[in-house]
Structures are given as C-alpha cells and as structure tokens.
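One structure below.
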Amino acid sequence: MPPSYESHYGKSYALIVGIDEYKYVSPLGFAKNDARAVASAFEKFGFDRENITVLLDREATYAAIRDAYLKFTEEGRIGENDRLVFFYAGHGQTISGIRGEVGFLVPYAGSLNEPKTLLRWDDLTRNADLIPAKHIFFIMDACYGGLAVQRAPALGSMRFLGDMLRRQARQVLTAGKANELVADGNGVRPGHSIFTAHLLNGLEGAAATKEGVLTANGLMAYVYDKVARDQYSHQTPHFGYLAGDGDFVFDTAPLDKLRADKPDAGTTGRADLLLNTAPQLAPPKADGESVVEQLKELLAEPSKRIKLDDFVSLHVRRFLEGIDQRQFPVQGAQPTIEEFVSRVQVYEKAVVDLQKIFILLARWVDRSQLAILEKALSRIAEADKGAAGFKVWLDLSWYPIVCLIYAAGISALAAKRYDTLSVVLNAPVQPQSGSRRPSDPIIVPAMNAVSELHDQFKRLPDRERNYVPMSEQLFSVLQPQLEDILFVGRSYEQLFDAFEMLMALDYADLSENGWAPLGRFGYKQRGSTGESPFDRLLAEAQQAGASWGPLEAGFFKGASERFLAASEQIRARLKELRWV
C-alpha cells in the first residue's frame, strides 16, 4: 500500500562525511571544514544534533559509511514522514563498465585501482528504496559519472508547498561530472571548496524563494548556476531527481506560520503556499518520445486525425485495463480507511498519462476533433464497474473519471474554449444494457457517485478539516500537471473555481432535484458581500448578456432564463447548507 504522507516533517536525519586525509589517495584541504559547516547549517533547519552523524577522515571507512547509512533501513529507525540528507565531501572515482560509467565514492582506505575498496554510488540509491523516509537528498562534493537523473519540475513550474511535502522525493546534487576536476579551495568563502561555499550561501538564504522557502530544487538550481559561472570553477554540477516528484524542504516555517495565522485555513483549504521553486530546472527527460510530444505532433497536423483517434483510443484502452475489477475489485476487499486511501492514490497514479492527453485535447482540438474527446469520455464512463459489491468501491470507481473531467475542463477554460467545456461536462453516457433510460451527461452519474464519498475523502491525509475534501484533493493533485503543460501560474485557483462553478450551474440546469455539486467556491460564498467567485461569475454573465461565452457555446440551451434559474437554485442551496 502506498504511504500516506503528511504535509509536514516528523524527524530530520543527516549523515555527513568529510575526508581530507586518505590512506592511499592524495589528501584534500577543506573536506572536513565543508562537512562541519554543513552539519552546523542543518542544525538551523531543525535537525537535532543527536540525529546528525558526522564521519571525518579515519572514521569514514567503507564499513562505517555503509553501516551508518544502512541503519536507516532498520525497522523503526526512521519514519515515513521523516527526511534524510546524505552529504559527502571527498574524492570521487569513475570506472567504465560494459554498460557505461560506474560512479564511486572513495572512503578513507579506498584505492582508486581497487573497486572492492570503493563505495558504489548506485548502492546508496538502490538501498534508498529500503528507507521509508519520504524525502532523501544526496549532496556530493565530488565528481564522478554513472548518474541517471531527470530534471523536474518543468521550466517556470509552480508548486503548492504542502503538496510537495506529501509527495515522495529522492534528489541528488553533485559537484561535477566524470573527468572534471573538483576545486578543493578557491571558494567564495575562505576554507571551503567552490561547490560547498556556494552551497552554504544557498543554505543561508540566497537560494530561498521570495516567500522565504528553501527547497532542494531551489538550492540545486542556485548552486548549479553559481558554480558553473564561478571564475575559478572547471566543473559543472549534476543534479535532479532519482525518483518521486515531491521536494525536500529545508524550512517549513512560512507554511507553519500561515497555518498558525489562519487557524481555519485547513478547513477552507487555503493553508498552502503556491511558489515558483526553481525556474532553472529543465523538463524531465523521457525515454523515447513522451506521450505529450506524440500528441502535440498529431494535434498540429489536421491530416493526422485518424492517427489521433487511434492514439487516444489506445491510451483509453490501456487506462481501462489498468483500473478494471482485477485491480480494483468491488467485492471481497473490505472498505477500510487504509484501503480507501490506497485506492485513491493508485487511481491518481493510473490516470496520469490519460490526464496529459485530455489536458492537451481540451486545449488544442479544433471543432472537427471534438468528437474524439467526447468518445473517449463516453467510453471510459460506460466501462463495466461491476453490478454488485461494496457501494463505496462502486462509487469510488468514478473518481479517476472525475479527475479527467476536472483536468480537461480546467484546460478548456484556460483557453476560453467553452465549446470544448460543454463536451467535457456533457459527453453522453449510455445506460446499462437493457435499460430504457436515455443517456445521461457524464457529470450526472460521475458527480452523483463521488458526492457519496464526502466522509471517506475526509480520511485522506490533511483532508479531515476540509469542507469539501474531494475538491481540495483534486485542487492539489491536478495543479502540478496543469502547470507543467499549460503554464497557468497563479491563475490556477481562479480557473479551478470557474470550472467548478460552471459544472455546478450545468448540473443544476440538467437536473430537477435541487442538488448541484458544490466545490471550493461554495465555502468562499459564506458571508459574501458580492466579492466571492460565484458573485463575480454572475456579475460577469450579467454584463456580457447574450454574448457571454458559455451561453454562446450552448450551455443552458443558450437561454439566459435557464442560466438565471440554475444560479438561483445554487444560491438557495448555498444558503441552506451547513458546512461540516
């Protein structure tokens, strides 16, 4: 079962190695100074001294380094919500193998010509899989090859700090690549190497965002830039992700202060910081052509419409195979809290590739291609979800579909494509075989099902105090992907609210039961004097009249009277609702 990480840290651990005096290798001058200074810097970020292990010179043997590191794999030693830093200052070595370069760290008694005396870099990374800590950051003031990392997040990416804290991350920053000479000295701080001197400056605040947040991404980007441009440097730092898409956060004080200043922010879902973590980082490198790049090529060529249809259909089939009843049985599996949390997380992971496709389709399809998007939504919604079983699992089977509806809908709004939004919300869903009922717009069965899961979504990490826990979960989960693909920046919250409001209005217009799905915009309406998102939407519609985009796209059958009736229906529900 995937871990359920919290948006804060438990304990903080560091293993720090600095070697000047080697038994068989030429000595260094400042590695011990670097190690001691880094250890001191970590203490300022809440690392208790008793949890910082420092190995210097003769202490830093092969066995001592490996044993100290592997202690973190022992049961009960380190928790899921803890963090770990491994810092090494010393010699590195690269040896060519039949499958490429292999990187090594050189312990005190290491010999450059005897691999058995050296510590393989990938031994550390493989054993990191056995360490439950959600965030591990490797910082290496050494040069060696054999690193396989990806750069993420994408250029200009913005991330919610609390969301990054709930995601796993394995990150690495090294002083240089293979065959580069690491400068032991000449740093901008006397007594330190070039790399660690800039690292220490970054740790002391130079790499922090304007909000005062320091993350591994921000630190890596800062050190890369400073070391690469340093006049005495002949090295280029190597950095990125080994696994995960969270981010190691050095100081969570800005988020802690926000939560303290707004005690009800957890309820309203606004206890988070949206920040630009590292604009210098490049997009992840994919093996071969990524789904996004393939789809962009197909969308750019009208003559490739048939291939586009085949491409989308292929990924829809793969998605449905990945979430069918073999993987998510609706019978047998008891609806425990742990199982519910696990299924939500696995659904969110399974839908990632298809979300990318839907985001791009909703942004770029022309009118002749809208049928491809509609067909994909309809086929997914009509897939067999089981006729009998635990109701919570039957209802939850609609959650990945809701993820797709939200992702595509927000993308359509970002491009002001109301015609596309209408397709996203109203794709027809045929009833079960043998039923005489007409088809339903997709939002009706989808939102009817997930609305039954309000209490269960409150059991997700950090959702127990949310008024609309599923809406808040989607708000956090979808943001990174929409940002990476569309570069929406700080307009994301406005787009999210606008989508939920138009979805609620559309649902109210389609139904006669007086109910409509209320999301984050709903609680913002409490005590409003005309400044809530819903008030502003109504004012915008009134000012535009018949030329309002949704009306022109066919929402409410193009009739202002139907729009007014739907808005009054939602207003009435908002007044009656007691937020819990």
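The opening residue of the sequence shown carries number 3 in the numbering used here; numbering runs sequentially from there.
Every residue gets a Cβ at the ideal spot worked out from N, C-alpha and C, and that includes glycine.
Quick caveat: nothing in here was measured; it's all calculated off a predicted structure.
Note down the Cα distance separating residue i from residue j, rounded to an integer number of angstroms.
{"i": "K577", "j": "Q527", "result": "9 Å"}
{"i": "V431", "j": "S441", "result": "5 Å"}
{"i": "A518", "j": "S413", "result": "22 Å"}
{"i": "E23", "j": "M142", "result": "18 Å"}
{"i": "F342", "j": "K13", "result": "27 Å"}
{"i": "M505", "j": "Q347", "result": "24 Å"}
{"i": "L310", "j": "L167", "result": "37 Å"}
{"i": "D355", "j": "I444", "result": "21 Å"}
{"i": "P239", "j": "D227", "result": "9 Å"}
{"i": "G102", "j": "A135", "result": "30 Å"}
{"i": "L126", "j": "V294", "result": "32 Å"}
{"i": "F477", "j": "L415", "result": "15 Å"}
{"i": "D457", "j": "G92", "result": "53 Å"}
{"i": "P286", "j": "V426", "result": "The pLDDT assigned to P286 is 46, lower than 50, so where the model puts this residue is not dependable, and the model offers no usable value."}
{"i": "L520", "j": "W395", "result": "22 Å"}
{"i": "V215", "j": "S315", "result": "43 Å"}
{"i": "K46", "j": "G207", "result": "12 Å"}
{"i": "L157", "j": "N219", "result": "Any answer about L157 is weak, because its pLDDT of 42 lies below 50 and its placement is not dependable; what the coordinates show is given next. One C-alpha to the other measures close to 12 Å."}
{"i": "S344", "j": "Q329", "result": "12 Å"}
{"i": "G334", "j": "V87", "result": "42 Å"}
{"i": "N53", "j": "I100", "result": "39 Å"}
{"i": "A546", "j": "A561", "result": "13 Å"}
{"i": "A171", "j": "D326", "result": "29 Å"}
{"i": "K306", "j": "A364", "result": "17 Å"}
{"i": "A288", "j": "T217", "result": "A caution first: A288 carries a pLDDT of 45, below 50, which makes its placement in the model unreliable, though a value can still be read off. Those two C-alpha atoms are separated by around 24 Å."}
{"i": "P331", "j": "G324", "result": "12 Å"}
{"i": "L58", "j": "V40", "result": "13 Å"}
{"i": "E570", "j": "M449", "result": "20 Å"}
{"i": "F106", "j": "H236", "result": "20 Å"}
{"i": "W123", "j": "A273", "result": "39 Å"}
{"i": "R320", "j": "A385", "result": "12 Å"}
{"i": "H317", "j": "R369", "result": "21 Å"}
{"i": "S6", "j": "E466", "result": "13 Å"}
{"i": "F536", "j": "A451", "result": "24 Å"}
{"i": "L163", "j": "Q483", "result": "15 Å"}
Can you tell me which of the options puts its alpha carbon nearest to the alpha carbon of residue i?
{"i": "Y401", "options": "S473, L520 and T127", "result": "S473"}
{"i": "H137", "options": "I97, L316, G81 and R122", "result": "G81"}
{"i": "C405", "options": "D386, K358, A390 and V394", "result": "K358"}
{"i": "R575", "options": "G547, Y525, F558 and A548", "result": "Y525"}
{"i": "R161", "options": "A451, V251, G411 and Q329", "result": "V251"}
{"i": "P433", "options": "S380, P535 and S453", "result": "S380"}
{"i": "L221", "options": "L275, G193, F139 and D247", "result": "F139"}
{"i": "G246", "options": "W550, S305, K351 and L488", "result": "K351"}
{"i": "F498", "options": "Q544, R580 and G411", "result": "G411"}
{"i": "V174", "options": "Y243, L107 and A209", "result": "Y243"}
{"i": "Y494", "options": "A417, E554, E466 and N515", "result": "A417"}
{"i": "H10", "options": "L579, M449, R169 and D50", "result": "R169"}
{"i": "E454", "options": "P471, E542 and D386", "result": "P471"}
{"i": "R51", "options": "R60, R85, R68 and Y15", "result": "Y15"}
How should residue i be labelled, buried or exposed, when 16 other C-beta atoms within 10 angstroms of its C-beta is the threshold for buried?
{"i": "E213", "result": "exposed"}
{"i": "T338", "result": "exposed"}
{"i": "R419", "result": "buried"}
{"i": "Q95", "result": "buried"}
{"i": "P304", "result": "exposed"}
{"i": "P2", "result": "Not covered by the structure: residue 2. The range shown for the chain is 3 to 582."}
{"i": "E533", "result": "exposed"}
{"i": "L132", "result": "exposed"}
Closest Cβ-Cβ distance between residue i and chain D: below 8 Å?
{"i": "E213", "result": "The structure shown has no chain D; it contains just one protein chain."}
Apart from the five residues just before and just after residue i, which ones in its own chain have a Cβ nearer than 7 Å to its Cβ?
{"i": "G556", "result": "S424"}
{"i": "A568", "result": "L507, A510, D511 and F558"}
{"i": "Y479", "result": "It should be pointed out that residue 479 corresponds to Val in this sequence rather than to Tyr. Excluding positions up to five away in sequence, the list reads E350."}
{"i": "K25", "result": "Y110 and A111"}
{"i": "L17", "result": "T55, A70, Y71 and F88"}
Sorted by chain position, which residues of the same chain lie with C-beta nearer than 8 Å to residue i's C-beta, five sequence neighbours on each side aside?
{"i": "V367", "result": "L301, I374, L375 and T422"}
{"i": "K73", "result": "R79"}
{"i": "P447", "result": "A383, W400 and V431"}
{"i": "V27", "result": "H93, V108, G112, S113 and L114"}
For residue i, collect the residues of the same chain with a Cβ closer than 6 Å to its Cβ; drop the 5 residues on either side in sequence, then sort them by chain order.
{"i": "G278", "result": "The residue you asked about is not Gly; residue 278 is Asn in the sequence shown. Excluding positions up to five away in sequence, the list reads M160."}
{"i": "I583", "result": "Residue coverage of the chain in this structure runs from 3 to 582, which leaves residue 583 outside it and unanswerable."}
{"i": "F197", "result": "D143, A177 and V229"}
{"i": "N428", "result": "P443"}
{"i": "G290", "result": "For G290, the pLDDT reaches just 48, beneath the cut-off of 50, and the residue's location in the model is therefore unreliable, although a value from the coordinates is still provided. Closer than 6 Å at the Cβ level, and outside the excluded window around G290, lies no residue."}
Give a single yes or no on whether residue i has its beta carbon closer than 7 Å to a heavy atom of the ligand COA.
{"i": "L406", "result": "This structure lacks the ligand COA, and indeed carries no ligand of any kind."}
Fill in: At least three beta-carbon pairs within less than 8 Å, the region 111-127 to the region 56-64
yes
Discussion item. Would you call the region 381-401 in contact with the region 461-470, where contact means no fewer than 3 C-beta pairs closer than 8 Å?
Written reply: no
Worksheet item: Between the region 254-264 and the region 225-244, do three or more beta carbon pairs fall short of 8 Å?
Response: no
Worksheet item: Okay, do the region 192-206 and the region 35-42 touch, 3+ Cβ pairs below 8 Å being the bar?
Response: yes
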